[in-house]
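Order-wise, the sequence lines are chains P, R and V. Counting in this note's numbering, the first sequence runs from 219 upward without gaps. Counting in this note's numbering, the second sequence runs from 12 upward without gaps. Counting in this note's numbering, the third sequence runs from 847 upward without gaps. Glycine included, every Cβ here is placed at the ideal spot set by N, Cα and C.
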Amino acid sequence: MTTPVPRVMVPGSVSRHEVFPIKAIIQHEMETGLRTDSTGQVIPRKIINGFVCRYGSVEVFRADLHEAVAANPFLEFYLRATESGRLEFIWQEDGGAIYSLSHEIVVT
Amino acid sequence: MTNWTRRQICSMAGGVLAAAAAPHVARSQNKPRVVVIGGGIGGATVARYLGDLKTMDVTLIETKRRYVTCFFSNLYLAGLRSLASLTFGFEVLTERHGLKVIHQAATGVDPGTKTVTLRDGVRLAYDRLVVAAGIAFKSGEIRNYDASAAEIMPHAWNAGPQSELLRRQLESMEDGGVFVIVAPPDPFRCPPAPYERASLVAYYFKQFKPRSKILILDAKDRFSGQELFQEAWGRHYPGMIEWLPRQFTGAVKIVDVAARSVVTEGETFKAAVANIIPAQKAGAIAEKTELTDASGWCPVDPVTFESTLQRGIHVVGDSIIGGDMPKSAFSTNSQAKACAFAIAASLTGSQQFPSHLFNSCYTFLAPDDAFTNAITFTPEGGKIKTVETFISKVGESAEVRRRTAHQAVGWYSAFTADVFGEGS
Amino acid sequence: MAADASHGAQIAAACASCHDPSGRGHAIPPITSLDEQTIIKFMHNYRASESSSHVMHAVALSLSEEEIGAVARHLAANVRHRDPP
Ligand SMILES: Cc1cc2nc3c(=O)[nH]c(=O)nc-3n(C[C@H](O)[C@H](O)[C@H](O)COP(=O)(O)OP(=O)(O)OC[C@H]3O[C@@H](n4cnc5c(N)ncnc54)[C@H](O)[C@@H]3O)c2cc1C
Chain P
219 MTTPVPRVMV PGSVSRHEVF PIKAIIQHEM ETGLRTDSTG QVIPRKIING
269 FVCRYGSVEV FRADLHEAVA ANPFLEFYLR ATESGRLEFI WQEDGGAIYS
319 LSHEIVVT
Chain R
12 MTNWTRRQIC SMAGGVLAAA AAPHVARSQN KPRVVVIGGG IGGATVARYL
62 GDLKTMDVTL IETKRRYVTC FFSNLYLAGL RSLASLTFGF EVLTERHGLK
112 VIHQAATGVD PGTKTVTLRD GVRLAYDRLV VAAGIAFKSG EIRNYDASAA
162 EIMPHAWNAG PQSELLRRQL ESMEDGGVFV IVAPPDPFRC PPAPYERASL
212 VAYYFKQFKP RSKILILDAK DRFSGQELFQ EAWGRHYPGM IEWLPRQFTG
262 AVKIVDVAAR SVVTEGETFK AAVANIIPAQ KAGAIAEKTE LTDASGWCPV
312 DPVTFESTLQ RGIHVVGDSI IGGDMPKSAF STNSQAKACA FAIAASLTGS
362 QQFPSHLFNS CYTFLAPDDA FTNAITFTPE GGKIKTVETF ISKVGESAEV
412 RRRTAHQAVG WYSAFTADVF GEGS
Chain V
847 MAADASHGAQ IAAACASCHD PSGRGHAIPP ITSLDEQTII KFMHNYRASE
897 SSSHVMHAVA LSLSEEEIGA VARHLAANVR HRDPP
């Protein structure tokens, strides 16, 4: 079993009210749920089914993901800078596993 | 015989002025003359098939005395093949396949007088010229990446000293280092090869440097065989290989040779070993001869492989564009045969039958796990069009994959005998 | 391969990209000592099914009956024995 690698690309600092881009990607071992193992049993589906971004304590972006998106889903979205604080990124995988990453953003 | 003699007279009549302009070009024989520039996969195949017919005077111009195949060079990087086992000379071609080899660089072509100039100043006259000069790298797409940077951050996209350099760096890398592969934009030589390289280097790391990582920074958002590769990476090398698409990084813009780091739009990645595979275009002599269009590649007729820009000059191999064929040794070899029979038809009056173009590549995921594809092509509307594609599937049994890896080794020896001559 | 530009020879050139001309090799079976009818039969089997080799399935699908006949005749007429050592 391997630990998925989440990554985000966020500017280190932005000016107040600026709209800035965030890119997020995660590499994990995807299972489509359509394959069978050597004994003929269906291998359970394991995809990233959801993604959430929090800015401080506020949820600012959410995506529900489905089959046929990509093995390693890539997301790009925009936020408006309000104040310095913590951005938190959370990926949800089938089976209940959660992977997260956080990033301090400085608003000038 | 009579047939080509008649054609020959026509071409001589048309070439009177040309002959006057190049008085010291000797015409020693009365067989039609074919000159081939580049003795790699494409050039050696054309020359060998023309030489075997014995009806033409065939001269192959190749700078190097020894050719090292790019295919299987990823196995060398992983310590699974010696470089010597991937190296071929031209002796068998000259001794058994009726052609002459000159080890010189071709420095210029004059399509008007139908002559090729070599580095030492000698000029050779041709009735037909074939250019099979492989690839060159586009400069300026990645800032600071030039020939001297390649001595520190190798591309290893031509096999030989570059492969040896990369192998040495991988061997001396400390466990826990990051091996960065910068993968090029389309179109480029051998679409699955950067990812095969990642797979086989991972195999080497897994045995000797298990804490090391491989990071692929791609100029593309998708790649050839992606599903097969990503499934195998999870199975063989869990957590070791990370692939970042262009849409995430914005692609590599700059290399910092001194710091051994690469810079994308938003981030700097530090490498223990960096393999930079730059964007590509047709080999330099093709560009100089004005065989290339704005894309940097050579448009050709899909039946004869004659350039659509310069009459009497044919181009085969990685240098061409204008269709669905991937840039591979197999495609190149298939084009070269069609080209050889087309040249024979026009110079000696033999018949050219409808050509069949094929590609079939073996790609290693691990030494005993390989996949393959088989694609058929046909000329259609001035382009090369795919007819059918078959490719290995995710989830095939280990036994099937082992058999494919075994076949790959058989293919290598048969294929190189076809190109460099039987008995090589 | 025999050095001529006949129809059979032009198609057989494609075979030589994978099949060792000297009849060596076992991973990819040699085709230098088969008779005409055997080659035709093999090609028909490959055309009918992808299961044994998708490379040969692709090749067989791309050739007409006439082409299969021409290449089979050429290969059978050029049966080769291994070069003496
Ligand atoms: C890592 C890697 C793995 C690969 N794996 C596979 C694989 O598994 N299967 C496959 O089918 N393909 C594979 N390929 C692709 C294959 O190597 C190329 O497609 C093939 O070599 C193209 O042949 P070519 O004749 O166009 O060019 P080349 O083989 O590069 O030959 C060009 C030759 O021309 C010579 N030359 C150039 N200019 C001049 C001049 N002015 N005067 C004299 N000589 C000149 C050069 O010295 C060179 O020898 C791989 C490539 C790489 C990089």
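In this structure, DSSP gives valine 57 (chain R) a helical state, which the three-state scheme calls helix. The closest CA to that of lysine 149 (chain R), considering only R:Thr343, R:Pro221, R:Lys292 and R:Ala381, is found on R:Lys292. In the structure shown, phenylalanine 83 (chain R) falls within a coil segment according to DSSP collapsed to helix, strand and coil. Of all alpha-carbon atoms in R:Gly62, R:Ala55 and R:Val57, the one lying nearest the alpha-carbon of lysine 42 (chain R) is that of R:Gly62. Taking the beta carbon of lysine 241 (chain P) as reference, the chain R residues within 7 angstroms of it are Phe259, listed in sequence order.
Under the 8 angstroms Cβ criterion, the stretch 208 to 216 of chain R counts as touching the stretch 242 to 254 of chain R, having at least three qualifying pairs. In this structure, the C-beta of phenylalanine 369 (chain R) stays at least 8 angstroms away from each heavy atom of ligand 1.
Looking at the DSSP output, leucine 255 (chain R) sits in a beta bridge with R:Leu228. Within the stretch 106 to 171 of chain R, the beta strand (DSSP E) runs of at least 3 residues that lie entirely inside it are, in chain order, 111 to 113, 117 to 121, 126 to 129, 134 to 136, 139 to 142 and 146 to 148.
Within 8 angstroms of the CB of leucine 255 (chain R), the CB atoms of chain P belong to Arg225 and Ile243, in sequence order along the chain. At least one beta carbon of chain V lies nearer than 9 angstroms to the beta carbon of valine 398 (chain R).
The continuous alpha helix (DSSP H) containing aspartate 429 (chain R) extends over residues 409 to 431. At least one heavy atom of ligand 1 is found less than 8 angstroms from the C-beta of glutamine 115 (chain R). Asparagine 384 (chain R) is bridged by DSSP to R:Ile402. In this structure, the CA atom of glutamate 301 (chain P) is about 34 angstroms from the CA atom of alanine 282 (chain R). For histidine 325 (chain R), the enclosing beta strand (DSSP E) starts and ends at 324 to 326.
With contacts defined as CB atoms closer than 9 angstroms, alanine 144 (chain R) and alanine 355 (chain R) fail to qualify as a contacting pair. In terms of beta-carbon proximity, aspartate 429 (chain R) lines the interface with chain V, with at least one pair separated by less than 9 angstroms. Judged by DSSP in its simplified three-state form, histidine 321 (chain P) adopts strand. Against alanine 289 (chain P), the close residues of chain R are Gln241, in the order they occur along the chain (beta-carbon pairs closer than 7 angstroms).
A buried status is given to valine 917 (chain V), since no fewer than 16 other beta-carbon atoms sit within 10 Å of its beta-carbon.
DSSP places leucine 239 (chain R) inside the alpha helix (DSSP H), whose first and last residues are 237 to 247.
Your pair valine 47 (chain R) and leucine 71 (chain R) checks out as a contact, with CB atoms roughly 5 angstroms apart and the cut at 8 angstroms. The residue from R:Trp422, R:Gln321, R:Gly49 and R:Ala347 with its alpha-carbon nearest to that of threonine 56 (chain R) is R:Ala347. Taking 9 angstroms as the cut-off, the Cβ atoms of phenylalanine 292 (chain P) and phenylalanine 279 (chain P) do not count as close. Looking at the DSSP output, isoleucine 243 (chain P) bridges to P:Arg225 and P:Phe292. A distance below 7 angstroms between beta-carbons, with the five flanking residues on each side excluded, links proline 378 (chain R) to the following residues of its chain, in chain order: Leu91, Tyr214 and Ala416. Within the stretch 291 to 323 of chain P, the residues whose Cβ lies closer than 8 angstroms to some Cβ of chain R are Phe292 and Glu294, listed in chain order. For threonine 275 (chain R), the uninterrupted beta strand (DSSP E) run begins and ends at 272 to 275, by DSSP. Residue side-chain check: threonine 70 (chain R) keeps its Cβ at 8 angstroms or more from all non-hydrogen atoms of ligand 1. Membership of glycine 303 (chain P) in the beta strand (DSSP E) is indicated by the continuous run 303 to 311.
Not one heavy atom of ligand 1 lies closer than 8 angstroms to the C-beta of arginine 59 (chain R). In the structure shown, threonine 254 (chain P) falls within a strand segment according to DSSP collapsed to helix, strand and coil.
In the three-state scheme derived from DSSP, where H, G and I count as helix and E and B as strand, alanine 356 (chain R) is classed as helix. When secondary structure is reduced to three states using DSSP, asparagine 891 (chain V) falls in the helix class.
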